[in-house]
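Notes to accompany the following structure.
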Amino acid sequence: MEFKGCAHRYGRDIDTDVIIPARYLNTSDPAELAKHCLEDLDVNFVGNVKPGDIIVAEENFGCGSSREHAPICIKAAGVDVVIAKSFARIFYRNAINTGLPIMECPEAVDAIKQGDVVSVDADTGTIVDETTGQTFKAQPFPPFIREIIEAGGLINRTKEKLGRS
Amino acid sequence: MARPMTMAEKILAAHAHLDEVEPGQLIECDLDLVLSNDVTAPIAIREFKNIGVGKVFDPTKIALVPDHYVPNKDIKSAEQAKIVRDFAREQGITHYYEVGCMGVEHALLPEQGVVGAGDLIIGADSHTCTYGALGAFATGVGSTDAGVGYATGKAWFKVPESILFRINGQLAPGVTGKDVILHIIGMIGVDGALYQAMEFAGSAIEAMPMEERMSISNMAIEAGGKAGLIAVDDVTRAYMDGRVERPYVEYHSDPDAVYAQIFDIDAADIKPTVAFPHLPSNTRPVEEARDVTIDQAVIGSCTNGRITDMRQAAEVLRGRKVNPNVRCIVIPATQQVYRQCMEEGLTDIFLDANCAVSTPTCGPCLGGYMGILAAGERAIATTNRNFVGRMGDPTSEVYLSSPAVAAASAVLGHIGLPEDLPAVE
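As you go down the protein sequences, you meet chains H and D in turn. Reminder that position 116 of the first sequence reads as 116 in UniProt numbering, one-by-one numbering, no gaps. Reminder that position 59 of the second sequence reads as 59 in UniProt numbering, one-by-one numbering, no gaps.
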């Protein structure tokens, strides 16, 4: 999986309440949720984000609530991949399970600036800041997690295991 | 002889049918309970249907608790709640709780004996870690994990390292489990236990009533923890006996179990604590927060909506009035707590003090309804999160505290301690 897009930079401890405020959790429709993605953190995000863009954040991205609406709305808003120094564990699971590519790479997070064009090869873990020409290598996923990602998420992997694919 | 293990490792090993596990190991485990609510279940049900197995793995091992936006706050919420209700009926789910029986899930399930020691539980709600207080390994997951859990009764886990927190000595009067966990989160930060299991022990925990222990385990997630466990003792047994439906299993950490870190905390160092906006780790002693005026106080939630919490709040409010500049909202977390409040005269105390008393709901804690804040307003709350916009407008503020401090603040009109109040005549 290869991606290329503009970087939207945020800080540490970006919680799932600012990713998708609970006042919108009376629906689970991805398109509806996407309209409010990151609204309480950055009101301009939804207007600025282009399909294929990339979120870059510091430590503990996605902390707080277990709401799967968070990775769902990020993906539905057009974001292809999230690069962070670390992810909160439920968000990490949810992203893997729902097929939102995520990468842990502190060096890339330190170097990439708001608006930089970034390309990502999720299979090799290679991140290139096309604006500055710098290349980074993300932590590879353990084989078990790769299996889920390659199946296209946990539901597909479960179907495969149950012989229902 | 298996390697020495922590209680978290022992519970995971038992449910993976292995003699031993070690941190970092990826395992698949059998689940004792899969929980979800009216926000997370609709997506879990969608994903379950997508798998195409037709029937859930075991209708007695799934709990569906509509509690976030019920009684339905609007048409969209009503539709979500209906999806859950229809699924519960279609699948014959034993532990479905309709409005009128329902309570805030993490207060309700222990109270009803649906969870017990030694269980392995996943819940599509981050505060599922609450049941660690009963000696269970319980952790929050997303809806897809829950949907797969409905279908297979299994989930994958990476065995976490454990961190041990020993709270030694005696807590000062007025210092509760809530203050202990806020103190710890303030100490280690909101990702201080990321990917790790927290275990709480020591003489102050041993002396603590069950419901305050639940407040501690409940907020393990606010330090990034995967679980927040407390070993079973006589207090736990007294709570579970006659309540827990199934035989329960006690797991105790081996004396030579390996921890990633051990913290020894002197109980006497813990003061009544409040977390300032916008992170639960942004803690200060209450005595340094007296200049913060408040517009609202919320007493309830999965963290502090149990009868012990209601009693502590009522003790402060007895014979007093809520400050005219404050709205004080009290939400007993379950029907049983609600009834007990009436029988013990606590409801009269709340009403006499001019509190609004609500039927059980998560409501204001997550900014759903039943106490939303306007721009710039401030609330003190016995809830668990104070993120930007958590209880309403993105410019509003939430301060987290114990029930006694929230009640005292409601009377004072600013954050303060019960001993700041003039004596009742």
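Virtual Cβ for every residue (Gly too), placed ideally from N, Cα, C.
### Message
Give me the subset of the stretch 11 to 31 of chain H whose CB atoms are less than 9 Å from a CB atom of chain D, sorted by chain position.
### Response
Arg12, Asp13, Asp15, Thr16, Asp17, Val18, Pro21, Ala22, Arg23, Leu25, Asn26, Thr27 and Ser28
### Task
Count the other C-beta atoms from every protein chain shown that fall within 10 angstroms of the C-beta of His17/D, then say buried if there are 16 or more, exposed otherwise.
As a first step, residue 17/D is located in the second sequence; it is residue number 17 there, counting from the start. Looking at its Cβ environment, which holds fewer than 16 other Cβ atoms inside 10 Å, His17/D is exposed.
### Task
Name, in chain order, the residues that DSSP records as bridge partners for Thr283/D.
Counting from one through the second sequence, the residue named residue 283/D turns up at place 283. Bridge partners of Thr283/D: Ala275/D.
### Task
Work out the CA separation of Val235/D and Ile62/D for me, nearest whole Å.
Here residue 62/D is taken as the residue at index 62 of the second sequence, counted from 1. Here residue 235/D is taken as the residue at index 235 of the second sequence, counted from 1. Cα-Cα distance, rounded: 27 Å.
### Query
Using a C-beta cutoff of 8 Å, does Asp42/H count as contacting chain D?
The sequence position of residue 42/H within the first sequence is 42, counting from 1. No, Asp42/H does not count as interfacial toward chain D.
### Query
Do Ala88/H and Phe61/H come within 8 Å of each other at the CB atom, strictly closer than that value?
Translated into positions along the first sequence, residue 61/H becomes position 61. Translated into positions along the first sequence, residue 88/H becomes position 88. Taking 8 Å as the Cβ cut-off, Phe61/H and Ala88/H qualify as a contacting pair.
### Message
I'd like to know whether the C-beta of Pro101/H is nearer than 8 Å to at least one C-beta of chain D.
### Response
Here residue 101/H refers to the residue found at position 101 when the first sequence is read from its first residue. So, not an interface residue.
### Task
Give the single residue among Lys321/D, Pro394/D, Asp32/D and Ser126/D whose Cα lies nearest to the Cα of Asp40/H.
For the purposes of this step, residue 40/H is taken as residue 40 along the first sequence, with counting starting at 1. Per the Cα distances, Pro394/D.
### Task
With distances taken Cα to Cα, identify the nearest neighbour of Ala107/D among Val249/D, Pro255/D, Thr60/D and Ile307/D.
The residue given as residue 107/D occupies position 107 in the second sequence. Closest by alpha carbon: Ile307/D.
### Query
What residues in its chain sit with their C-beta under 6 Å from that of Lys10/D, if we drop five residues either side in the sequence?
On the second sequence, position 10 is the one that residue 10/D refers to. Only Tyr251 meet the Cβ criterion.
### Query
Closest Cβ-Cβ distance between Arg3/D and chain H: below 8 Å?
Looking up residue 3/D in the second sequence gives position 3. Closer than 8 Å: no.
### Query
From Ala313/D to Ala406/D, what does the alpha carbon distance come to, in whole angstroms?
Along the second sequence, read from residue 1 onward, the residue named residue 313/D stands at position 313. Along the second sequence, read from residue 1 onward, the residue named residue 406/D stands at position 406. One C-alpha to the other measures close to 8 Å.
### Message
So, with DSSP's three-state summary, where would you put Met198/D?
### Response
The residue you call residue 198/D lines up with position 198 of the second sequence. Residue state, collapsed to three classes: strand.
### Query
Using a C-beta to C-beta distance shorter than 9 Å, which residues of chain D count as neighbours of Leu162/H?
Taking the first residue of the first sequence as position 1, residue 162/H is located at position 162. Chain D residues near Leu162/H: Ile51, Gly52, Val53, Ala151 and Thr152.
### Task
Report back the beta-carbon spacing between Asn304/D and Ser215/D to the nearest angstrom; my notes put them in contact at under 8 Å.
The residue you call residue 304/D lines up with position 304 of the second sequence. The residue you call residue 215/D lines up with position 215 of the second sequence. Confirmed, about 6 Å.
### Task
Identify whether Ser203/D lies in helix, strand or coil by the three-state DSSP scheme.
The residue given as residue 203/D occupies position 203 in the second sequence. Three-state result, Ser203/D: helix.
### Message
The alpha helix (DSSP H) that contains residue 167/H, what's its start and end?
### Response
For residue 167/H there is no data in the structure shown, the boundaries of chain H being 1 and 165.
### Ile122/D beta carbon less than 8 Å from that of Ala136/D
Here the question's residue 136/D lines up with position 136 in the second sequence. Here the question's residue 122/D lines up with position 122 in the second sequence. Against a cut-off of 8 Å, the Cβ pair of Ile122/D and Ala136/D comes out as no contact.
### Query
Does the stretch 71 to 86 of chain D touch the stretch 263 to 274 of chain D, meaning 3 or more C-beta pairs lie closer than 8 Å?
no
### Task
Check the Cβ-Cβ distances between Ala260/D and every residue of chain H, and say whether any is below 8 Å.
Start at 1 with the first residue of the second sequence, and residue 260/D comes out as number 260. No, Ala260/D does not count as interfacial toward chain H.
### Task
Say whether chain H places a C-beta atom closer than 8 Å to the C-beta of Thr361/D.
Taking the second sequence and counting its residues from 1, one reaches residue 361/D at position 361. False, the Cβ-Cβ gap to chain H never drops below 8 Å.
### Query
Given that a residue counts as buried once 16 or more other Cβ atoms are within 10 Å of its Cβ, and exposed if not, what is Ala374/D?
Reading the second sequence from its first residue, position 374 is the one you call residue 374/D. Exposed, since its Cβ has fewer than 16 Cβ neighbours within 10 Å.
### Message
Taking a contact to mean a Cβ-Cβ separation below 8 Å, would you say Thr135/H touches Thr124/H in this structure?
### Response
Counting from one through the first sequence, the residue named residue 135/H turns up at place 135. Counting from one through the first sequence, the residue named residue 124/H turns up at place 124. No, the Cβ-Cβ distance between Thr135/H and Thr124/H is not below 8 Å.
### Beta-carbon spacing of Ile221/D, Phe200/D below 8 Å
Locating residue 221/D in the second sequence gives position 221, counting from the first residue. Locating residue 200/D in the second sequence gives position 200, counting from the first residue. Result no, Cβ atoms of Ile221/D and Phe200/D do not sit closer than 8 Å.
### Message
Only counting the same chain, and skipping five residues up and downstream in sequence, which positions put a Cβ closer than 7 Å to that of Leu129/H?
### Response
As a position in the first sequence, residue 129/H is number 129, starting the count at 1. The sequence as given places Asp at residue 129/H; Leu does not occur at that position. Only Ala111, Ile112, Asp116 and Val118 meet the Cβ criterion.
### Residues within the stretch 53 to 87 of chain H neighbouring chain D, beta-carbon criterion of under 7 Å
Glu59, Asn60, Cys63, Gly64, Ser65, Ser66, Arg67, Glu68 and Ser86
### Message
Within a Cβ cutoff of 6 Å, which residues of the same chain sit near Gln296/D, ignoring the five residues on either side of it in sequence?
### Response
For this step, residue 296/D is matched to residue 296 along the second sequence. Excluding sequence neighbours, Gln296/D sits near Arg327 and Ala379.
### Task
Could you tell me whether any Cβ in chain D is nearer than 8 Å to the Cβ of Leu154/H?
Numbered from 1 along the first sequence, position 154 holds the residue referred to as residue 154/H. True, the Cβ-Cβ gap to chain D drops below 8 Å.
### Message
Give me, in chain order, the residues of the same chain whose beta-carbon lies closer than 6 Å to that of His95/D; leave out the 5 immediate sequence neighbours on both sides.
### Response
Translated into positions along the second sequence, residue 95/D becomes position 95. Taken in chain order, the residues that qualify are Ala63 and Val114.
### Message
Tell me whether the stretch 192 to 199 of chain D and the stretch 284 to 302 of chain D touch, counting them as touching only if at least three CB pairs, one residue from each stretch, are closer than 8 Å.
### Response
no
### Query
Of all the CB atoms in chain H, is at least one closer than 8 Å to the CB of Thr60/D?
As a working mapping, residue 60/D is identified with position 60 in the second sequence. It does not; no Cβ of chain H falls within 8 Å.
### Message
So with CB distances below 7 Å, who are the chain D contacts of Arg9/H?
### Response
Along the first sequence, one-based indexing puts residue 9/H at 9. Per Cβ cutoff of 7 Å: no residues; Arg9/H is ~17 Å from chain D at best.
### Query
How close, in whole Å, do the beta carbons of Val65/D and Leu35/D come, if the pair is a contact with beta carbons under 8 Å?
Within the second sequence, residue 65/D is the residue found at index 65, counting from 1. Within the second sequence, residue 35/D is the residue found at index 35, counting from 1. Their Cβ separation, rounded to whole angstroms, is 7 Å, which keeps Val65/D and Leu35/D in contact under 8 Å.
#### Entry: Limits of the unbroken alpha helix (DSSP H) element including Ser77/D
The residue labelled residue 77/D in the question sits at position 77 within the second sequence. Ser77/D -> alpha helix (DSSP H) spans Ile75 to Gln91.
### Task
Using 10 angstroms around the beta-carbon of Glu105/D, count the other beta-carbons present and answer buried if the total reaches 16, otherwise exposed.
Here residue 105/D refers to the residue found at position 105 of the second sequence. With 16 or more other Cβ atoms within 10 Å, it is buried.
### At least three beta-carbon pairs within less than 8 Å, the stretch 54 to 61 of chain D to the stretch 5 to 14 of chain H
no
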